[in-house]
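Note sheet for the following structure.
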Amino acid sequence: CRLKSSCNATYRYSISALLTVDNSLNSSNRLKEIQEETTKGNIEEKINVNFVLYPNPAKETINIDYSVCANAKVEIIMYDMLGRKVEDIIINNELEAGDRTTEFNIANYQNGTYSIIVSMKDRLGKIAQTQKRLVIIH
């Protein structure tokens, strides 16, 4: 099972502009001058976090497929069922947009159910995350 890119980002543009028009007409009855000045603008991006975790249940290694839709800091962390951090799989990696696969060795972890959380933080500081369960059986 491979992840299909989920980079259907939503963009909202906000541009404030100042338009100055000189209404005097020249001899050919055309508008003499138009000046447009952009005073500010910004782009807001919505972060989507989606990932595929396989195989599940697993014995030796797991693969985590995910898409980075815009440059973001990515963290992948494994927790036990009591909420204790077990492993930082990826911590604060600055990644460019694109599809990624991370392979992680789980052979030394005890049988049980764990949570894998993928978090992304955009350049504006917005954080989005998704959690999935992993079952380890040796």
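Per my numbering, the very first residue in the sequence shown carries number 1; after that it's consecutive.
Positions of the beta carbon are idealized from the N, C-alpha and C atoms, including for glycine.
Out of curiosity, what's the CA-to-CA distance linking residue i and residue j?
i	j	result
Thr-61	Leu-124	34 Å
Thr-113	Glu-87	14 Å
Leu-82	Ile-137	18 Å
Asn-48	Arg-84	25 Å
Asn-71	Lys-126	12 Å
Lys-121	Gln-110	31 Å
Gln-129	Lys-73	12 Å
Asn-50	Lys-132	10 Å
Pro-55	Arg-100	16 Å
Once you ignore the five residues that flank residue i on each side, which residues in its own chain have a CB closer than 6 Å to its CB?
i	result
Ile-91	Glu-75
Phe-104	Ile-62, Ile-89
Ala-107	Glu-60
Pro-57	Val-135, Ile-137
Secondary structure at residue i, three-state DSSP: helix, strand or coil?
i	result
Ile-79	The sequence given here has Tyr at residue 79, not Ile. Reduced to three states, the DSSP call for Tyr-79 is strand.
Val-135	strand
Leu-95	strand
Lys-59	coil
Tyr-109	coil
Asp-122	coil
Arg-84	coil
Ala-128	strand
Val-49	coil
Ala-72	strand
Exposed or buried, residue i, counting other C-beta atoms within 10 Å across all chains shown (16 or more means buried)?
i	result
Val-135	exposed
What does a CB cutoff of less than 7 Å around residue i pick up in its chain, not counting 5 residues either side in sequence?
i	result
Gly-98	Val-68
Report all residues from its chain with a CB closer than 8 Å to the CB of residue i; omit the five preceding and five following residues, and keep chain order.
i	result
Asn-93	Lys-73, Val-74, Glu-75
Leu-95	Val-68, Asn-71, Ala-72, Lys-73, Val-74
Margin query: Is it the case that the stretch 103–123 contacts the stretch 66–77, given that we only count it when at least three CB pairs across the two stretches are under 8 Å?
Written below: The stretch 66–77 makes contact with the stretch 103–123, as at least three CB pairs between them are under 8 Å.
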